[in-house]
Each structure stands twice: as structure tokens, then as C-alpha cells.
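Here's the structure, in C-alpha cells; my notes come after.
Residue numbers (this note's numbering), protein chains in the order written: chain A, 42 to 319; chain B, 42 to 319; chain C, 42 to 319; chain D, 42 to 319.
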């Protein structure tokens with residue numbers, strides 16, 4: 042998959058997950074109330090289970106695709122004359138998907154049963170992201186300077202994600218960490234696209250000089266811009282959710298007051314905190 | 042001990058300990074109840090003491106074996122004509138065993154007396170694992186690429202174990218950390234076997250090309266598979282213990298109900314949480 | 042900006058902020074009382090908002106200056122014949138300023154609304170400092186030994202600052218961390234001046250030999266002296282604030298006692314803890 | 042001071058402090074009681090102040106000695122024809138002493154006034170140890186392999202000490218951390234002696250081959266033995282203090298009982314926990 046599409050595809054997934062997480066965690070923290078609102082809690086549980094299932098399905102499709110595309114290894118690992126490793130790249134990608142699959146499965150089990158403790162979902166996600174970084178790290182040695190450098194930037198985002206997940210095992214429900222993990226997923230996603238554009242210019246543009254130090258400097262700076270962009274997107278999503286939620290609540294409260302106390306119970310929207318109405 | 046057996050032996054020990062820990066910690070966390078159940082606590086205390094004693098005995102045997110096998114150093118450190126270091130490898134292994142011996146002794150003292158605070162057993166285990174990693178780290182410089190790389194993978198597992206033990210000093214009785222340490226022990230064990238197979242093919246198979254970059258890439262990926270396997274084994278053991286424990290409790294409860302309240306006290310199995318019977 | 046002024050300017054800013062923080066945090070912790078004194082809290086809130094606004098204004102001026110000085114890039118990034126990167130240095134500085142601008146904006150929003158959680162201001166400052174370090178790190182490869190070494194010292198101060206900020210997200214209002222961050226800002230500031238003096242001697246002094254190992258050794262030691270100086274300045278500021286505050290309180294108490302209980306309420310100075318008068 | 046004495050002197054100081062700390066912290070934790078025993082607390086306060094004063098005096102003597110020994114720099118930093126750095130080694134040692142002096146001063150102020158918060162003494166000690174490591178790190182580049190390696194071992198002990206001190210700022214009065222810091226001081230001390238013996242054999246013994254890989258391997262292992270020795274000494278000291286304290290308490294209690302309740306108050310030894318007498 043050393044081509045443009047091979048970077049755009051995972052990039053798009055990370056962007057989608059980043060966007061989704063920035064909305065999910067915003068909602069989760071905006072809707073949090075001092076009193077235990079089981080209604081909201083239960084809804085989020087369902088959301089987490091669905092998210093886990095989506096992860097499992099996509100990674101399963103990913104593994105099968107990597108194995109059984111026409112030029113894939115078709116589950117052969119070591120064959121040929123002379124015998125050698127078959128399509129190690131595809132096997133590596135399958136391995137990465139495998140760990141995200143495990144992470145998805147752990148999400149489902151954690152939130153649907155009492156078998157596993159809370160926190161294990163974050164820990165397993167941390168392991169999956171770590172394995173991704175670990176495989177990338179030894180993937181790019183013996184390549185030109187810019188190629189290595191652009192992957193080092195990716196590794197920075199990946200390992201920051203690992204650290205965030207591990208801290209979340211011990212510090213649960215911290216809004217800063219939750220939104221930061223969304224932000225890092227976005228950063229990883231857009232950076233995958235950037236890698237695709239730099240290493241495999243899609244529309245026949247000029248090739249980048251992979252050994253020019255000025256390109257390395259530009260790429261470092263560009264990574265910071267992607268980071269700023271990821272922070273901006275997360276902030277905008279959070280603000281939209283915050284405003285929507287508080288407007289909704291206010292209008293809802295006014296309507297409720299207009300309709301009289303008798304209808305209050307029916308007017309409750311699922312995710313709303315009504316602590317100030319009582 | 043630079044041969045196949047020299048890697049299979051420690052590998053087997055780590056696998057045994059990994060399996061045992063995955064069962065022990067599963068039981069410990071599955072049997073935990075909100076009320077302080079001194080009975081269970083006391084049983085685990087005995088188990089820890091026995092585990093410490095086993096560690097002490099095995100490492101003592103290990104040290105003596107390393108010293109007094111026919112081609113061992115027989116406690117000579119620096120001799121010969123011209124004078125030089127005698128069998129540094131054996132001395133290094135003895136040193137590693139020594140720290141695990143100390144760790145075993147600390148286990149015994151921590152759980153059998155009030156002399157030492159809880160947590161010191163994990164701290165000392167962390168030190169023992171650190172010393173193992175520290176000796177390995179400087180053990181493999183000046184070797185071929187694949188040999189170094191395969192030991193770097195081992196060091197990753199070892200230092201992850203050190204970090205886990207140190208965190209456990211401050212965050213005690215966290216199920217995620219406990220099971221992760223079991224999982225890392227399994228990973229280390231199976232990886233020792235893998236190193237043996239790669240560097241010293243036991244059944245006269247073809248030699249691995251120690252300078253082929255594709256072999257490095259395969260080995261990195263293979264390490265991740267071992268990791269996935271270790272996670273799987275830990276998960277299976279945990280599930281078995283969980284199911285067994287809950288089935289047992291349920292059947293026990295039914296029997297108890299059948300026999301009537303009068304016999305309840307005698308029907309209590311040692312490790313059972315009966316909070317829902319009252 | 043690879044000249045003396047280009048290092049003296051950021052250096053001065055960091056020194057100013059370091060001095061200001063050492064006073065602010067001293068006041069904050071000296072004036073802290075067991076009972077929740079909302080009066081003081083509210084004042085500090087205003088101070089934080091003003092500080093955020095100052096950051097926003099200065100960084101905005103900085104970005105504009107970097108872009109539109111006569112030899113700046115004027116927002117061109119990639120042009121010329123043959124096409125190449127335009128003034129990457131200025132773009133990098135603009136990027137650094139951008140993150141400090143975001144940090145300032147987050148300060149304002151955190152302390153003026155309830156939109157964002159406390160702690161996010163420190164986290165964002167940590168990110169801004171990290172980006173500064175990240176850009177510096179890849180900025181100085183391929184330079185002479187002393188030039189690299191003197192920037193490594195700077196990176197030490199920068200990454201220590203990042204670590205401090207991240208810890209502050211979880212451990213809020215810890216006086217040691219607060220004063221240490223002031224101290225690191227001072228260190229960074231004076232070290233920027235030192236870099237200017239070493240690499241671009243301002244008054245036509247003798248050039249430093251950039252490849253002499255003794256110069257490297259001196260520079261390492263010199264960094265420690267700057268550190269000691271930063272600690273000294275912070276300590277002096279803290280002591281002055283402490284003495285001033287306690288003298289003021291005592292004299293105020295005496296006057297209050299002289300005037301009688303009736304006037305006590307009016308005699309209260311804004312930042313004073315009067316727990317022992319009641 | 043690149044000779045045997047130059048390593049034996051700091052080594053002896055670290056050993057002395059290590060021994061002293063292993064006794065002090067043992068006493069502190071053995072004498073701790075559930076009820077707040079202000080008597081013991083106050084005594085430890087005095088001990089800490091004296092310890093700080095000892096540090097200040099010794100480091101002051103050290104700085105003066107480094108500067109004014111016959112072949113010292115006599116406060117000249119840059120002179121001669123051609124002008125160059127004067128005795129950078131002595132200046133570096135003076136710098137190290139300076140930070141331990143600051144640490145001693147902070148000890149005195151922390152424990153004798155309410156000006157500074159508890160924890161700052163550990164933080165400042167951490168900084169002093171960090172500066173020691175920081176100076177050593179850039180001190181030994183461009184030396185033979187074994188010389189560098191033996192100092193890397195030292196740095197391991199030093200940075201472990203820094204980490205321990207920083208954790209102690211947040212986790213105070215943890216017996217494991219306290220005794221581990223004593224253990225690391227002992228390790229550093231004995232390792233300084235070892236460095237002296239290896240690099241400057243004192244009694245005209247054979248020179249070590251500084252480029253032999255087997256020597257590197259031996260030195261790594263030898264470091265682990267020093268570590269085991271340091272753990273042993275700390276353990277023995279702790280056990281002695283524990284036994285002495287508990288025997289003393291028991292015999293004291295018996296005497297007290299013999300003399301009758303009337304004399305109990307006078308028979309109390311300063312450091313004794315009498316919770317079981319009441």
C-alpha cells in the first residue's frame with residue numbers, strides 16, 4: 042500500500058473517528074450533571090457499544106482486504122522459490138488492524154457486561170495505538186531523510202496518543218484528556234493525507250526532493266499547522282455542541298414553563314440536564 | 042548459555058509465571074467483594090508467601106547451576122594465564138537470578154510479617170526486572186543487526202514490565218495493571234523461545250540471515266503476534282476463572298437454598314463472595 | 042532573525058513573564074487562606090484574563106511583524122524562480138507565536154466563562170511551549186557543535202516547562218510547580234540572551250570557536266549558573282512578597298484594632314487574609 | 042580532580058549520607074504512629090535542620106577548596122596568554138557544590154519557618170542531583186569506551202535519584218521511596234569509589250584496558266552488585282532500627298509496668314510510640 046490511497050484511507054478513518062470523538066466527548070461533558078443521571082449514562086453506554094462494533098467490522102474488513110486483494114498474500118507468509126517473506130507490508134497492516142479489532146471487542150465487552158473493569162477499553166486502545174507506532178517505527182529505517190522525518194512526525198502524534206490513553210486509565214472522565222485524544226486522532230488523520238501528498242503526489246505534480254533540509258524544516262512546521270487545525274476543529278465542535286445544548290435547554294425550559302408543570306415530564310429530551318428546573 | 046536451551050529455559054519459567062499470575066490475579070479480582078473478606082485475604086497471603094519461596098528456591102538452584110556446571114566459572118571471576126574474566130555470561134545470569142532471589146525473599150517477608158510495607162514486593166520485582174533489562178541492554182552491542190533487534194523487542198517487554206511494577210507501588214490492586222503484568226510475563230516467555238528458534242535453530246533448519254532488513258521487519262511483526270497471543274491467553278484464563286467462579290457461586294447458592302438456611306454456614310466455599318445471599 | 046536582536050527580543054519577553062509570574066504566584070499562594078476567600082479569587086481571575094489579553098496582543102503583533110517586515114515573506118510561502126520556500130525562519134516564528142496566541146485566547150475564555158474547564162489553560166500553555174521546543178529541535182541540526190549544544194540547553198529548559206505544565210493540569214495550585222514554571226521562564230529568557238551573546242557577539246568582540254570542546258563544557262556550566270540565578274530571582278521575589286504581605290497584614294491589624302471593631306469591615310485591603318482577626 | 046582521591050572524596054560523602062538516611066528514614070517510619078505524635082515530629086524537624094546546616098557547611102568548604110587549592114582557579118574564569126578557560130573542572134565541581142548548598146539552605150528554611158511549603162526540600166534536592174547528572178553527562182564525551190560506560194552507570198543512579206526526589210514532592214512520607222533514595226545515595230557513593238579504582242588504580246596495579254568489550258560487560262555487572270550491596274546495607278540498617286526500636290519499646294513497657302502507672306509519664310523515651318500502653 043505504498044501509494045497515495047494507502048495513506049488516504051487510514052487518514053480518512055482517523056479523521057472520521059476524530060470528528061466523531063470530538064462530538065461525543067463534547068456531548069458527554071456538556072451533559073454531565075452533579076446528580077447521577079442514569080438516563081444519559083445508559084445512552085452513552087449504547088453509543089460506546091456501537092462504536093466498538095463499528096471498529097470490529099471495519100478492522101475485520103481491513104484484514105480481509107489486506108489478505109485477499111489480488112496482489113495480497115492470501116494468508117501465505119513464507120513461500121516462493123527461493124523461499125522468502127510474502128508481502129510483509131500487507132501482513133503488517135493486518136497486524137495493526139488486529140489490535141484495533143481487539144480494542145473494539147474490548148469496548149463492546151466492557152460496556153455491555155460487568156466482566157471487565159472500566160478503563161480497560163482505554164488501556165486496550167492505548168495498546169493498539171502503541172502497536173501501530175511500534176510497527177511504523179521499524180518500518181521506515183533505511184529510507185530517505187524526508188520520508189523518515191515525515192514518519193517521525195506521525196510517531197509523535199501516535200505516541201502522544203498512547204500516553205493520553207494510558208493516563209486515561211487512571212484519570213477517567215477528564216474532559217481535557219478526552220478532547221485531546223479526539224484532537225490527536227484528527228491530527229493523525231490529516232497527517233496521513235499529508236504524507237500521501239508529499240511522498241506520492243497524486244495529480245502528477247512535481248516530486249519532492251527527499252534529501253533537501255529545507256523540506257524537512259517545512260514539514261516540521263506543517264505538522265504544527267495540522268496540529269493547530271486539529272485543535273481548531275475540536276474547539277469548533279465543542280462550541281457548537283455547547284451552544285446547541287444550552288440553547289436547546291433554555292428553549293425547552295421556556296416551552297415547559299409555557300405548557301405548565303403538568304406536561305414537564307413528557308417534554309424531557311433524552312440527553313438533557315434539568316437540574317435547574319427542579 | 043548462548044544456545045537454544047539457554048533461551049528455552051528462562052522462557053519456560055516466564056511462561057509458567059505468566060500463566061500462574063493470570064489465574065491468580067483473575068481469582069483475586071473476581072473474588073473481591075465490597076465488604077472486607079478477611080478469609081480470602083488471608084488465603085492470598087499464603088499464596089504470595091509460597092510464590093516467594095518458589096522464586097527463592099528456583100533462583101538459588103539457578104545460581105548454583107550457573108556456577109557449578111562443568112563448564113561454569115566455579116566462583117572464579119578473574120583468573121587464567123593471561124589473567125582475564127572467567128565466563129562473564131554465567132556471572133551475568135547469576136546476577137540476574139540474585140535479584141529475583143531478593144525479590145522472592147522480599148515477597149515472603151512482606152506477606153508474612155509487618156516489617157515491610159505492602160508495595161515493596163512490587164517495587165523489588167520492578168528492580169529485579171530492571172536489572173535483567175539493564176544487563177541485556179549492554180549484553181548485545183556489537184552483534185549482527187537481527188540479533189540486536191530481536192533483543193530490543195525483548196527489552197521493550199522488560200521495560201514495560203518495570204514501568205508496570207513501579208506504577209503498582211502507588212496504584213495497588215488495579216486489575217488492569219495486575220493482568221497486564223501477567224500478560225508481559227507471558228510475552229517475555231514466548232519471546233525467549235522465539236529468540237532461541239531464530240538465533241539457534243534447534244532441528245538443524247536453515248540459518249536466518251542476520252543482516253536482512255526483511256527479517257527485521259518480520260521479527261517486529263512477530264513480536265506483536267506474540268503480544269496478541271499473550272493478551273488472548275490472559276483473556277481466556279480470566280474468562281474461565283470468571284465463569285467458573287460465578288457458576289460455582291450460583292450452584293452453591295442454589296444448593297444452599299435447597300438445604301435450607303440452617304446449613305448455609307457450612308456450605309461456604311473458601312474463596313466465595315456471598316454478598317448476594319444475605 | 043538569526044542575529045543578536047532576534048534572540049534578545051524573545052529573551053526579554055520570557056524574562057518579563059518570568060518576573061511577573063514569580064510575583065503573581067507568590068501573591069496567590071501567600072494570600073491563600075483556609076476559608077474560601079472569593080474576593081481574592083475574583084481578583085486573580087481578572088489578572089489571568091488581562092494576562093491572556095496581553096499574550097494575544099503581543100503574539101498578534103509578533104506574527105504581523107514576522108510577516109510584513111521589509112525582508113519578511115509577506116504571506117508568500119512557496120514562490121520565486123526556481124520556486125522554493127520563502128523565508129522559512131519567519132514562518133517558523135509565526136507558527137510559534139500562533140500557538141502562544143491560542144494559549145492566550147484559551148486563558149481568556151477559561152477565566153471569563155464557564156465554557157472550558159480549569160486546567161485547560163495550563164494544558165494549552167504546555168502545548169505552546171512544546172511546539173516551540175519541537176520546532177527548535179529540528180531547526181538546529183546540521184550546525185556546528187557549540188551551536189547545537191547551546192540549543193540543546195534551551196530545549197532542556199523548554200521540555201522541563203512542558204512537563205511542568207502537563208503536571209499542573211492534574212495537580213493544580215501547587216506552589217512548587219507554579220514557582221518552578223516562573224523559574225523556567227526566567228531561565229529560558231536569560232538563556233536566549235546568552236545564545237545571542239555567544240553566537241552573535243553584539244559589540245564586535247572575538248568570535249567563539251564553535252568546535253572547541255572546552256567551550257561546550259563552559260556553556261553547560263554556564264546554563265547551570267543561569268538556572269541558579271533564575272532560582273535566586275524567584276526566591277527573592279517570593280520573599281519580598283511574603284514579607285510585604287505579612288507586614289501589611291500586621292500593620293493593618295494594628296490600625297484596625299486601634300480604630301475599633303466598628304471600622305474593621307472598611308479597613309480590609311483587597312488581597313488580605315484576615316482569618317486571625319475574627 | 043581527575044585522580045583517585047577526586048572520586049573517593051565525593052564517594053565517601055555519598056556513602057555517609059546514604060548510611061545516615063537509611064537510619065533516619067528507618068527511624069522515621071518505624072516510629073510513626075496512627076495518632077499525631079508531635080514530639081517525634083518536632084525532633085525530626087531539628088534533625089532535618091541540622092542536616093541542612095551540615096550540607097551548607099560542607100559544600101561551602103568544598104567550593105572554597107576547589108577554588109583556592111594551589112592549582113585551583115582562584116576565582117579566575119577566563120585568563121592567560123592566549124586567553125582561555127581556567128580550570129573548567131574545578132569550576133564545574135564548584136557549580137555542583139553550589140546547588141547542593143542551595144538544597145541545604147532550602148532544607149533549613151523549609152523546616153525552621155513556615156515560609157516554604159513541605160516538599161520543596163525534596164524538589165530542590167532533586168534539582169541539585171539533576172545538575173550533578175547534567176554536568177557529568179557532557180563531561181565525559183570524547184573519552185575511551187570504558188570511561189564513558191562507567192560514567193553512564195553513574196548517570197543511571199543519578200537520574201534514578203532525580204526521579205525519586207521529584208515523585209517525593211507529590212508522594213510524601215512513602216517509606217519505599219525514602220529508603221530507595223538512601224539506597225541510591227549508597228550506590229552512587231560506592232560507585233564513585235569503583236570509578237576511582239578502575240580509572241586510576243591507586244596502588245600501582247595493572248591498568249584496565251579501556252577499549253575491551255569484556256571490561257564493559259564486567260563493569261555493567263559490577264554496577265548491579267553495588268546495587269545489591271546498597272540494598273543489603275539499607276535492609277540491614279532498617280532491620281536493626283526496627284528490632285532495636287521494638288525491643289526498646291517492649292522492655293520499656295515492662296519496666297513501666299513494673300514501676301506502676303504513676304511513673305509512666307517520666308519513663309517515656311523521646312522517640313517511642315506508646316499506643317499499646319493506653
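Positions of the beta carbon are idealized from the N, C-alpha and C atoms, including for glycine.
Query, Result
"Cβ neighbours of residue 169 of chain C in the same chain (closer than 6 Å, five flanking residues each side left out)", "140, 141 and 144"
"Proximal residues to residue 196 of chain A (C-beta, below 8 Å), its chain only, five neighbours per side dropped", "174, 177 and 178"
"Members of the stretch 206-221 of chain B near chain D, C-beta cut-off 9 Å", "210 and 211"
"Exposure label - residue 100 of chain C; buried when at least 16 CB within 10 Å", "buried"
"Close-in-space but distant-in-sequence residues of the same chain around residue 268 of chain A (CB under 7 Å, 5 per side omitted)", "228"
"Nearest residue (CA-CA) to residue 47 of chain C, options C:157, C:236, C:222 and C:64", "C:236"
"Test: residue 256 of chain D CB closer than 9 Å to a CB of chain B", "yes"
"C-alpha distance - residue 156 of chain B paired with residue 216 of chain D, whole-angstrom precision", "12 Å"
"Inter-stretch contact (C-beta, 8 Å, three-pair minimum) for the stretch 182-190 of chain D and the stretch 216-226 of chain D", "no"
"Residue 325 of chain A, DSSP secondary structure in three states", "The requested residue 325 of chain A is not part of the displayed model; chain A covers only 42 to 319."
"Chain A residues whose Cβ lies nearer than 7 Å to that of residue 272 of chain B", "143"
"Residues sharing a beta bridge with residue 125 of chain B, DSSP", "B:120"
"Three CB pairs or more closer than 8 Å across the stretch 122-140 of chain C and the stretch 102-110 of chain C", "yes"
"Proximal chain A residues relative to residue 186 of chain B, where beta-carbon distance stays under 8 Å", "Chain A residues near residue 186 of chain B: none, gap ~10 Å exceeds 8 Å."
"C-beta neighbour in chain A for residue 192 of chain B, strict 9 Å", "no"
"Contacts that residue 172 of chain A makes with chain B (C-beta to C-beta distance below 9 Å)", "265, 268 and 269"
"Min CB distance residue 87 of chain C to chain D below 9 Å", "no"
"Proximity to residue 18 of chain C [Cα-Cα], best of C:208, C:285 and C:87", "No information on residue 18 of chain C is available, as it lies outside the stretch 42 to 319 that chain C covers here."
"Pair within 9 Å by beta-carbon distance, residue 49 of chain C and residue 93 of chain C", "no"
"Rounded separation between residue 51 of chain B and residue 233 of chain B - CA only", "7 Å"
"7 Å Cβ cut-off: residues of chain C touching residue 160 of chain D", "217"
"Chain D within 9 Å of residue 137 of chain C, Cβ atoms only", "no"
"Minimum Cβ-Cβ distance from residue 133 of chain B to chain D less than 9 Å", "yes"
"Neighbourhood of residue 252 of chain C by C-beta distance below 8 Å, restricted to the same chain and skipping five residues each side", "185, 186 and 187"
"Contact set between residue 283 of chain D and chain B, taken where Cβ atoms lie within less than 8 Å", "156"
"Residue 178 of chain C, DSSP secondary structure in three states", "helix"
"Cβ pair residue 108 of chain D, residue 114 of chain D closer than 9 Å", "yes"
"Environment of residue 124 of chain A [buried if 16+ CB atoms lie within 10 Å]", "exposed"
"Proximal residues of chain B, C-beta to C-beta of residue 183 of chain A below 9 Å", "254"
"Alpha carbon of residue 152 of chain B to alpha carbon of residue 277 of chain B, nearest angstrom", "29 Å"
"Test item: CB-CB of residue 45 of chain D and residue 238 of chain D under 9 Å", "yes"
"Neighbour list for residue 179 of chain A in chain B, Cβ cutoff strictly below 8 Å", "190, 257, 258 and 261"
"C-alpha distance - residue 119 of chain B paired with residue 126 of chain B, whole-angstrom precision", "5 Å"
"Closer than 9 Å to chain D by CB, residue 125 of chain B", "yes"
"Same chain, Cβ closer than 8 Å to residue 57 of chain B, five either side skipped, listed in chain order", "230"
"Residue 51 of chain A in three-state terms, based on DSSP", "helix"
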